[in-house]
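Report on the following structure.
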Amino acid sequence: MMNGTDASAALATPEQIIDDLWAPRATQVLVTAIELDLFGCIAAGQHSVSGIATAAGADPRGVRHVLDALVALGYLDKTGAASSQPRYVLTQVSARFLVPGTDSYLGDMARETRLLWSSWARLTDVVRTGEPTAAWEQESVGREQFPQLVSAWFPMSFGAARAAVAALPPTTRESARRLLDVAAGSGAWSLAFALALPELRVTTVDYSEVCAITRSYAERFGVADRYDHVTGNLREVDFGTGYDIVVLGYIVHTEGPEWGRKLIERAYAALRPGGTLVIGDMVPNDERTDPIVPLVFGATDLLLYSTEGQVFTEREFREWLTGAGFTAVETLDILAPSPLIVATR
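For our numbering, count along the sequence shown from 1 and bump the result up by 80.
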């Protein structure tokens, strides 16, 4: 008779292992489809292999294989599959998020995958040696690499930021006049607030090379006249005081425990009494067993591109926030990899 362990082992299958090891191939198929703008070609009215290939300027054989893989992955539907001239149409997901020119377009995230792909293959060496491939918290590295990445990060950050604005109490939104966006990047977080709150004035902090990109996004969204920019290393520049809202959007994890705590303390000092700190980050549960995205992010990007970076749990954030003097710390569920953390000075 088998014991419980033996019985569980007998029921185990290799499906998860196979799926995970094949996952990079599926990712590359999606990246290629985005880079060739196959979804845009279909949205523009091309539905046959030959029509899509011609519009994309690509080889019909290659395009057919990619299109069929996209059907299997759930990004396209296929009609007339048994005929020699099947038609490919967008699904709801691809129509909403993968057609260029729409506000919800996520295709720019493929640029990050392309930029970072070769580094991921070095993870074994990084784990073995403890030496990252680059350290984003170092000023020289940040000035060089962040300008290449912040636009790729815009879609995810902007979506989370819009959800954050909607999740905040109406009194917080209506009374806000000044917002500080620390490590602003493309400005995705502050832009969501600026678009929703016409009386809001925004101050951003980032390297001068990155602030140029922030300005371009603010101009694109028609709010550049309400933006001020403080350029320099966020660990050194003066944030100022009297802000109604301070945003730390996807930055604490890069700074590590020492500077992450200091950043929260500096945010407290920058807020007016009664002001609100908004933290968007990759936050695993307190046991560090779930969700997948923050934990995989910590085991890849933060090991590869930082010396001290790590994902912090909600409990760790609460300890830092209350230690800095914040009150009424709460989490708000939003459509993002992790809940929003909100605290009041």
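Even for Gly, the Cβ is constructed at its ideal location relative to N, Cα and C.
Under a three-way DSSP split, which group does residue 391 fall into?
coil
Have a look at residue 372 and residue 267 and give me their C-alpha separation to the nearest angstrom.
26 Å
Please list the terminal residues of the continuous alpha helix (DSSP H) segment that includes residue 297.
288 to 300
Let me check understanding here. Comparing Cα to Cα, which of 211, 279, 245 lies closest to residue 389?
211
Three or more C-beta pairs closer than 8 Å, one from the stretch 298 to 306 and one from the stretch 254 to 264: is that the case here?
no
Count the C-beta pairs between the stretch 186 to 196 and the stretch 219 to 234 that are closer than 8 Å, then say yes if the count reaches three, no if not.
With the cut-off at 8 Å, the stretch 186 to 196 and the stretch 219 to 234 touch.
So within the stretch 316 to 400, which uninterrupted beta strand (DSSP E) runs reach at least 3 residues, ignoring any that extend past its ends?
323 to 329, 351 to 360
Residue 364 burial status per 10 Å Cβ neighbour count (16 or more: buried):
Residue burial is scored here from C-beta neighbours: residue 364 has at least 16 other C-beta atoms within 10 angstroms and is therefore classed as buried.
Buried or exposed for residue 81, please, with buried defined as at least 16 other CB atoms from any protein chain shown within 10 angstroms of its CB.
Unreliable placement is indicated for residue 81, whose pLDDT of 48 sits below 50; the coordinate value is still reported in the next sentence. Exposed, since its Cβ has fewer than 16 Cβ neighbours within 10 Å.
How long is the line joining the alpha carbons of residue 413 and residue 419, rounded to whole angstroms?
5 Å
Alpha carbon to alpha carbon, what distance is there between residue 309 and residue 282?
8 Å
C-alpha distance - residue 108 paired with residue 199, whole-angstrom precision:
15 Å
Tell me the DSSP secondary structure of residue 309 in three-state form.
strand
One question on the structure: do residue 306 and residue 275 come within less than 8 Å of each other, judged by their Cβ atoms?
no
Within 8 Å, strictly: CB atoms of residue 357 and residue 326:
yes
Under the assumption that residue 246 contacts residue 416 (Cβ atoms under 8 Å), give the Cβ distance between them as a whole number of angstroms.
The pair is not a contact, with the Cβ atoms about 12 Å apart (cut-off 8 Å).
Which of the three DSSP states is assigned to residue 116 in this structure?
coil
From which residue to which residue does the beta strand (DSSP E) around residue 410 run?
Run containing residue 410: 407 to 412, per the beta strand (DSSP E) assignment.
Just to confirm before moving on: does the CB-CB distance between residue 153 and residue 136 stay below 8 Å?
no
Need the endpoints of the alpha helix (DSSP H) that residue 188 sits in, please.
That residue, residue 188, is in no alpha helix (DSSP H); it is neither H nor E in DSSP.
So, helix, strand or coil for residue 99, using DSSP?
In this structure, DSSP gives residue 99 a helical state, which the three-state scheme calls helix.
Residue 180 and residue 120 - do their beta-carbons sit closer together than 8 Å?
yes
Nearest-angstrom Cα separation, counted from residue 163 out to residue 334:
When rounded, the distance between both Cα atoms is 52 Å.
Spell out the partners DSSP gives residue 283 in its beta bridges.
260, 308
Any non-hydrogen atom of the ligand ATP closer than 7 Å to residue 234 Cβ
The ligand ATP is not part of this structure, which contains no ligands at all.
Touching by the beta-carbon criterion (3+ pairs, under 8 Å), the stretch 208 to 228 and the stretch 392 to 399:
no
Buried or exposed for residue 292, please, with buried defined as at least 16 other CB atoms from any protein chain shown within 10 angstroms of its CB.
exposed
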